[in-house]
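Student:
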Amino acid sequence: MPRYRLLSSLGGAALVAGLFLLASPLLGLTTPRAGNPRAETVHKVFPSAVRLQIVAGEQVVRSASGIAFAHDGGRTYVLTNAHVVEPAREWPEGAALRVLPSDGSAGVAANVVARGRVPEADLAVLEVQATLPVTPLAGDDRMELGDDLVVIGAPFGKGLSVAAGIVSQVEYELAENAAAPRRARALKTDAAIGYGSSGGGVFDVPGGRLIGLVEGYRTARVAFGKDAEQYAFDVPMPGETFVAPAAKIRRFLVEKGLGRLAPAEAVAGAQGPVATPAAAKQF
1 MPRYRLLSSL GGAALVAGLF LLASPLLGLT TPRAGNPRAE TVHKVFPSAV
51 RLQIVAGEQV VRSASGIAFA HDGGRTYVLT NAHVVEPARE WPEGAALRVL
101 PSDGSAGVAA NVVARGRVPE ADLAVLEVQA TLPVTPLAGD DRMELGDDLV
151 VIGAPFGKGL SVAAGIVSQV EYELAENAAA PRRARALKTD AAIGYGSSGG
201 GVFDVPGGRL IGLVEGYRTA RVAFGKDAEQ YAFDVPMPGE TFVAPAAKIR
251 RFLVEKGLGR LAPAEAVAGA QGPVATPAAA KQF
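Each residue of the sequence shown is one higher than the one before, starting from 1 at the first, in the UniProt record's numbering.
This is the structure we're talking about:
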């Protein structure tokens, strides 16, 4: 039976289904080969990808992914999923949220400034008192069926990884008139995603624009053996990774009073400048 999976990781190692191109900050990013638009896209946007951890005492109780997308007054704002920052009853008191930049530097304290309701708006915005590299949110009408894209996340709380795929499904909002631009209401991709990739950024190739955010994926259970010797595991279904498109994210920001972080008039062209990280409060 297919099932829908939210992607926040509760820690531990597991098998990642699908092929990931490892891009750990411990290894660094080399110069991409000329004429390789996918690699060029990854090098452009990778600095804005982050890992998220919720820590209670000395224990990491949840890990996930995020994407830094805006600056405002010396602060950086990060997109992730609402289910990532939803507290769990079994956590000890004093759990703290931190953002781990892609360059491998120490974690930075983060606060939740907006959170949606799952599953209608599985989106959240974090605020960091530091200047991190960002990739601005793209326009609302960027993607079509078959378009190439890359996804950057941190499966199972490990290093950031890159997965590649295409847009496998688009659902559009109903336009007010025939001349109005089409805006995506929901996207799917066939890029292989693993637990912990919740909130990972989705980028178009070769533009490198932030066109969406990973929300979840559908799996099928595979079982073998008999009775007490039976084993089972879930595998991602191709084309069934769910993405919140830019139009949905921008509408959420406006509803939460954060529309200034992704103004529509400021995303007509290419990616904005990549900032140089400044001094930050560290863990």
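Ideal Cβ positions, reconstructed from N, Cα and C, are used throughout, including at glycine.
Quick caveat, the model's predicted, so the values are computed rather than measured.
Tell me the rounded alpha-carbon separation between Arg209 and Ala244.
Tutor: 14 Å
Student: In angstroms, rounded to a whole number, what distance separates the CA positions of Ala109 and Gly146?
Tutor: 38 Å
Student: Can the beta-carbon of Val50 be found closer than 8 Å to that of Val78?
Tutor: Yes.
Student: Drop a sphere of 10 angstroms on the beta-carbon of Val222, count the other beta-carbons inside from all chains shown, and report buried for 16 or more, exposed for fewer.
Tutor: exposed
Student: Quick one: give me the first and last residue of the alpha helix (DSSP H) that Glu40 is part of.
Tutor: Note, Glu40: alpha helix (DSSP H), Pro37 to Val45.
Student: Going by Cα to Cα distance, which pick from Thr241, Ala264, Val254 and Ala262 is closest to Val167?
Tutor: Thr241
Student: Evaluate contact between the region 57 to 64 and the region 103 to 119, counting only Cβ atoms and requiring at least three cross-stretch pairs below 8 Å.
Tutor: no
Student: Measure from the alpha carbon of Gln169 to the alpha carbon of each residue in Arg98, Ala184 and Phe252, then state which is nearest.
Tutor: Ala184
Student: Return helix, strand or coil for Arg260, following the three-state DSSP convention.
Tutor: Three-state result, Arg260: helix.
Student: Express the C-alpha separation of Thr80 and Ala96 in angstroms, rounding to a whole number.
Tutor: Rounded to the nearest whole angstrom, the CA to CA distance from Ala96 to Thr80 is 16 Å.
Student: Kindly give me the distance between the Cβ atoms of Leu137 and Phe224, rounded to whole angstroms, as I take these residues to be in contact under 8 Å.
Tutor: The Cβ separation is near 44 Å, so there is no contact.
Student: Taking the alpha-carbon positions, what's the Gly74 to Asn36 distance?
Tutor: Gly74 and Asn36 have their alpha carbons spaced roughly 34 Å apart.
Student: What does the Cβ neighbour count give for Gln282, buried or exposed, with the cut at 16 atoms within 10 Å?
Tutor: Reliability of the predicted coordinates at Gln282 is poor, the pLDDT of 36 falling under 50, and no value is obtained from them.
Student: Tell me the DSSP secondary structure of Asp122 in three-state form.
Tutor: It is coil, neither helix nor strand.
Student: Have a look at Ser65, Glu173, Pro119 and Ala186 and flag the residue whose alpha-carbon is nearest the alpha-carbon of Leu126.
Tutor: Ser65
Student: Could you tell me the distance, in whole angstroms, from the CA atom of Glu86 to the CA atom of Val205?
Tutor: 32 Å
Student: Does the beta-carbon distance from Arg98 to Val55 come in below 8 Å?
Tutor: yes
Student: Using only alpha-carbon positions, find the residue among Ile211, Ile193, Ile67 and Ala39 that is nearest to Asp140.
Tutor: Closest option to Asp140, Cα to Cα, is Ile211.
Student: Once you ignore the five residues that flank Trp91 on each side, which residues in its own chain have a CB closer than 7 Å to its CB?
Tutor: Only Ala56 and Val61 meet the Cβ criterion.
Student: Helix, strand or coil, according to DSSP, for Lys188 in the structure here?
Tutor: strand
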